[in-house]
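These notes concern the structure reproduced below.
2 protein chains.
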Amino acid sequence: MDQVEIFKALSNKSRLQILNWLKEPETNFPDQAEYGYANGVCVGQIQMKTGLTQSTVSEYLSTLQRAGLVKSNRVGQWTYYQRNEEGFAILNEIIKSEI
Amino acid sequence: MDQVEIFKALSNKSRLQILNWLKEPETNFPDQAEYGYANGVCVGQIQMKTGLTQSTVSEYLSTLQRAGLVKSNRVGQWTYYQRNEEGFAILNEIIKSEI
DNA sequence: TTGGTATATCGGGAAAAGTCGATATATCTT
DNA sequence: AAGATATATCGACTTTTCCCGATATACCAA
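Just so you know, the protein sequences line up as chains A and B, in that order.
First residue of the first sequence: 349, per this note's numbering; consecutive thereafter.
First residue of the second sequence: 349, per this note's numbering; consecutive thereafter.
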């Protein structure tokens, strides 16, 4: 888990927004309700809310996942993303003791 | 204080290292001893330790200052830099509540 | 097996960041 | 006032990031 990679992932307004939205999926992605929130929120929902293209959002989610800040679950043709709180715990450790 | 700007400032190995070194100036910048540590560490000392050019280090320190992570004191021909712990407090707040 | 839908990957052009050497500015010393 | 030293800024070049459209892949449904 590279520190620089984590901070690079956080160096983008849209990616920060996605992470924040994923804190309260029920509030921020109501259209996801019919599929449930257990596995997270699917890419299409996130894409719509950002207003960016599908490819960009897919790329951004990969970036966040490589940094350890989200995790994904593939279910059928959907990929659900949710926050990875372990990643944030690591981030807190880094800031407390390594910076 | 822009969130993205803070994370961009942290998205660089050398800048992270500088911040970490400045946690213990006495240990990491012993040559600074004769001038004291009260105002921080001067650019030249930091430059030597990074191995980067003077202009790059000066630029990096400005970047960190714009992000609120260090503060500077000019004394004579020297500019001393030290950590700005308020900035780190803000960073912690951002991570806790805005991401 | 043929479409249809959701996501991922690829290729690219524009903008930003990384890093340098050269030069400017500020200050100190003599 | 002149030279020396410390730092900041400028101009340039290379690498990375941003973000897109097009295409590929995976899965589902008829």
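Cβ atoms here follow ideal geometry from the backbone N, Cα and C, with glycine treated the same way.
Worksheet item: Can you name the start and end residues of the alpha helix (DSSP H) that Y408 (chain A) belongs to?
Response: Within the first sequence, numbered from 1, the residue matching residue 408 (chain A) stands at position 60. Residue range 402–414 is occupied by the alpha helix (DSSP H) that includes Y408 (chain A).
Item to complete: Within 10 angstroms of the Cβ of A381 (chain A), are there 16 or more other Cβ atoms? Answer buried if so, exposed if not.
Response: Position 33 of the first sequence, counted from the first residue, corresponds to residue 381 (chain A). With fewer than 16 Cβ atoms within 10 Å of its Cβ, A381 (chain A) is classed as exposed.
Item to complete: May I ask you to list the residues that DSSP assigns as paired with S420 (chain A)?
Response: For this step, residue 420 (chain A) is matched to residue 72 along the first sequence. Under DSSP, S420 (chain A) takes part in a beta bridge, and its partners are A:Y429.
Fill in: Cβ-based burial, G399 (chain A) [other Cβ within 10 Å; buried from 16]
The residue labelled residue 399 (chain A) in the question sits at position 51 within the first sequence. The Cβ neighbour count for G399 (chain A), taken over all protein chains shown within 10 Å, is under 16; the residue is labelled exposed.
Item to complete: Please report the residue range of the alpha helix (DSSP H) in which G392 (chain B) lies.
Response: Working through the second sequence from its first residue, we reach residue 392 (chain B) at position 44. Counted as a single uninterrupted DSSP element, the alpha helix (DSSP H) harbouring G392 (chain B) occupies residues 391–398.
Discussion item. Could you give the first and the last residue of the continuous alpha helix (DSSP H) run that contains Q365 (chain B)?
Written reply: Numbered from its first residue, the second sequence carries residue 365 (chain B) at position 17. 361–369 is the extent of the alpha helix (DSSP H) around Q365 (chain B).
Worksheet item: In terms of residues, what are the limits of the alpha helix (DSSP H) holding Q380 (chain B)?
Response: Stepping through the second sequence from its first residue, residue 380 (chain B) is reached at position 32. Per DSSP, Q380 (chain B) is not a residue of any alpha helix (DSSP H), being assigned neither H nor E.
Practice prompt. Just the C-alpha distance for S362 (chain A) and Q393 (chain A), rounded to the nearest angstrom, thanks.
Written response: In the first sequence, counting from the first residue as 1, residue 362 (chain A) sits at position 14. In the first sequence, counting from the first residue as 1, residue 393 (chain A) sits at position 45. The straight-line gap from Cα to Cα measures roughly 14 Å.
Worksheet item: In terms of residues, what are the limits of the alpha helix (DSSP H) holding I448 (chain A)?
Response: The structure shown has nothing for residue 448 (chain A), since chain A only spans 349 to 447.
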